[in-house]
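Novice:
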Ligand SMILES: NC(=O)c1ccc[n+]([C@@H]2O[C@H](COP(=O)([O-])OP(=O)(O)OC[C@H]3O[C@@H](n4cnc5c(N)ncnc54)[C@H](OP(=O)(O)O)[C@@H]3O)[C@@H](O)[C@H]2O)c1
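Numbering (my numbering), first residue to last: 642 to 931.
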């Protein structure tokens, strides 16, 4: 049997690298492109790359997603998170290639105070969320068969490129090792999700040819403070950790207070479920310890 070819952009990101491994493990031929080799904002180059490799699936794991940098550089955020994915979606529609893209819980304003489902109205609070929402809309307009997976608060084994290589878990562990006084917000709620858990399910979602927006996060939710507490408790660490309010950090880019996603479509169409956030975190802490 000839295996399908999947082309991944942003392939050395924490999510992109796990996706490459999982698609390979599922028998796909994987062509990985990093930023240096394929800048998704170079429209002509992306067309050329797709023409040369003729993939059956294109996955865009590239993004400009450091929230503070997006706030300072909204035009760049729009270029990378809106115009470039729109271009990829158009090329894929034209060539009947399956297109999979990743978006964020930060498209919501957090006012709902209960888990958001896919059809809830998105009203982003910051430039990052605005650029990702613009990307979602443009992709689905250009390519209604595209699949957009909204994910949240990611951590993976390989470095988070946009956050100086450190995801939240690694940052907490580093701060604890430096005996820092940690103040972590307890009034912003998320569903922390491992990139491995997303990568494991994505090939199956590709196989059933799902399209539209799908929420894909760990089950359950916590504040960033509770997340930090669980990291330390499972790791047997006892650093100086206290609760803070987001208002304690004036000038911080606005973020939704509650951006928990309900995996509503996943639950209705698939027997596969996402793991709960604590079990994924424990698995991850064991992985990085080893
Ligand atoms: N991390 C989170 O907490 C989080 C939460 C919700 C949603 N998401 C979404 O999840 C997806 C994956 O994020 P991640 O955590 O894996 O991020 P990551 O580790 O920072 O990886 C992002 C990748 O995109 C690449 N990239 C940036 N600009 C590019 C461009 N113009 N052309 C090509 N590649 C470019 C980066 O390469 P360089 O580093 O070399 O520039 C990097 O390899 C993104 O769509 C993000 O918006 C992430």
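Glycine is no exception: its CB is placed at the ideal position from the N, C-alpha and C atoms.
1) Quick check: does the Cβ of residue 877 come within less than 7 angstroms of any heavy atom belonging to ligand 1?
2) By a C-beta neighbour count over all protein chains shown, 10 Å radius and 16 as the cutoff for buried, is residue 749 buried or exposed?
3) For the pair the region 844-851 and the region 671-680, tell me if three or more CB-CB distances fall below 8 angstroms.
4) Using a Cβ cut-off of 8 angstroms (strictly closer), state whether residue 668 contacts chain D.
5) Pull up the DSSP beta-bridge partners for residue 858, would you.
6) Alpha carbon to alpha carbon, what distance is there between residue 759 and residue 679?
7) Do residue 667 and residue 844 have their C-beta atoms within less than 8 angstroms of each other?
8) Starting from residue 882, follow its DSSP beta bridges and name the residues at the other end.
9) Contact between the region 763-781 and the region 813-830 is defined here as three or more beta-carbon pairs at a separation below 8 angstroms; is this criterion met?
10) Under 7 angstroms: does the beta carbon of residue 932 sit that close to some heavy atom of ligand 1?
11) For residue 688, verify whether its CB is less than 7 angstroms away from any heavy atom of ligand 1.
12) To which residues does DSSP link residue 791 through a beta bridge?
13) Please list the terminal residues of the continuous beta strand (DSSP E) segment that includes residue 701.
14) Tell me whether residue 646, by its Cβ, gets closer than 7 angstroms to a heavy atom of ligand 1.
15) Note down, in chain order, each residue of its chain lying with its Cβ closer than 8 angstroms to the Cβ of residue 682, except the 5 sequence neighbours on either side.
16) I'd like to confirm something about residue 792: is its beta-carbon nearer than 7 angstroms to some heavy atom of ligand 1, or not?
17) Give a yes or no on contact between the region 644-661 and the region 798-814, applying the rule of three or more CB pairs nearer than 8 angstroms.
18) Could you give the uninterrupted runs of the alpha helix (DSSP H) lying entirely in the region 703-757, keeping only those of 4 residues or more?
19) Indicate whether residue 747 and residue 728 have their beta-carbon atoms separated by less than 8 angstroms.
20) Rounded to whole angstroms, what's the CA-CA distance from residue 842 to residue 649? Just pull it up for me.
21) Cβ of residue 802 versus every heavy atom of ligand 1: is any distance shorter than 7 angstroms?
22) Please identify the residue among 675, 930, 739 whose C-alpha is closest to the C-alpha of residue 811.
23) Return yes when the C-beta of residue 830 is under 7 angstroms from any heavy atom of ligand 1, and no when it is not.
24) Quick check: what's the CA-CA separation for residue 752 versus residue 902?
25) Use the C-beta contact count for residue 910: other C-beta atoms within 10 angstroms, 16 or more gives buried, fewer gives exposed.
26) Do residue 769 and residue 706 come within 8 angstroms of each other at the CB atom, strictly closer than that value?
27) Okay, do the region 737-746 and the region 774-791 touch, 3+ Cβ pairs below 8 angstroms being the bar?
28) Should residue 915 be labelled buried (16 or more other beta-carbon atoms within 10 Å of its own) or exposed?
29) Quick check: what's the CA-CA separation for residue 868 versus residue 689?
30) With a threshold of 8 angstroms, are at least 3 pairs of Cβ atoms found where one atom belongs to the region 833-840 and the other to the region 918-927?
31) Compare the C-alpha of residue 917 against each of 863, 874, 891 and name the closest.
Specialist: So, from the data block:
1) Position 236 of the chain shown, counted from the start, is the residue given in the question as residue 877. No - ligand 1 has no heavy atom lying nearer than 7 angstroms to the Cβ of residue 877.
2) If you number the chain shown from 1, residue 749 lands on position 108. Burial call: buried.
3) no
4) This model lacks chain D altogether, as it is built from one protein chain only.
5) Numbered from 1 along the chain shown, position 217 holds the residue referred to as residue 858. The partner list for residue 858 (beta bridge, DSSP) is empty, contrary to what the question assumes.
6) Taking the chain shown and counting its residues from 1, one reaches residue 679 at position 38. Taking the chain shown and counting its residues from 1, one reaches residue 759 at position 118. Each residue's alpha carbon lies about 31 angstroms from the other.
7) For this step, residue 667 is matched to residue 26 along the chain shown. For this step, residue 844 is matched to residue 203 along the chain shown. Contact: yes.
8) In the chain shown, the residue the question calls residue 882 occupies position 241. Residue 882 is bridged to 823.
9) no
10) Only positions 642 to 931 of the chain appear in the structure, and residue 932 is not among them; the question remains open.
11) As a working mapping, residue 688 is identified with position 47 in the chain shown. Checking the Cβ of residue 688 against ligand 1 gives no.
12) Locating residue 791 in the chain shown gives position 150, where the first residue counts as 1. Answer is 744, 856.
13) Sequence index remark: in the chain shown, residue 701 carries index 60 (1-based). Segment 698-701, the beta strand (DSSP E) holding residue 701.
14) Counting from one through the chain shown, the residue named residue 646 turns up at place 5. Checking every heavy atom of ligand 1 against the Cβ of residue 646, none is found closer than 7 angstroms.
15) In the chain shown, residue 682 corresponds to position 41, counting from 1. Spatial neighbours of residue 682 in its own chain (CB-CB distance under 8 angstroms, excluding positions within 5 residues in sequence) are listed in chain order as 720, 721, 724, 725.
16) Here residue 792 corresponds to residue number 151 of the chain shown, with the count starting at 1. The answer is yes for residue 792.
17) yes
18) You should have 708-713, 715-719, 725-735.
19) As a working mapping, residue 747 is identified with position 106 in the chain shown. As a working mapping, residue 728 is identified with position 87 in the chain shown. The Cβ atoms of residue 747 and residue 728 lie no closer than 8 angstroms to each other.
20) Locating residue 842 in the chain shown gives position 201, counting from the first residue. Locating residue 649 in the chain shown gives position 8, counting from the first residue. C-alpha separation (whole angstroms): 16 angstroms.
21) The sequence position of residue 802 within the chain shown is 161, counting from 1. It does: the Cβ of residue 802 is within 7 angstroms (strictly closer) of some heavy atom of ligand 1.
22) For the purposes of this step, residue 811 is taken as the residue at position 170 of the chain shown. Minimum Cα distance to residue 811 is reached at 930.
23) By one-based count along the chain shown, residue 830 stands at place 189. For ligand 1, not one heavy atom lies less than 7 angstroms from the Cβ of residue 830.
24) Taking the chain shown and counting its residues from 1, one reaches residue 752 at position 111. Taking the chain shown and counting its residues from 1, one reaches residue 902 at position 261. One alpha carbon belongs to residue 752, the other to residue 902, and they sit about 13 angstroms apart.
25) As a working mapping, residue 910 is identified with position 269 in the chain shown. Looking at its Cβ environment, which holds fewer than 16 other Cβ atoms inside 10 Å, residue 910 is exposed.
26) Numbered from its first residue, the chain shown carries residue 706 at position 65. Numbered from its first residue, the chain shown carries residue 769 at position 128. For residue 706 and residue 769, yes; Cβs fall inside 8 angstroms.
27) yes
28) Residue 915 sits at position 274 when you count from the first residue of the chain shown. Classification for residue 915: buried.
29) Within the chain shown, numbered from 1, the residue matching residue 868 stands at position 227. Within the chain shown, numbered from 1, the residue matching residue 689 stands at position 48. The alpha-carbon atoms of residue 868 and residue 689 are separated by roughly 43 angstroms.
30) yes
31) Walking along the chain shown from the start, residue 917 turns up at place 276. The shortest C-alpha separation from residue 917 is found at 863.
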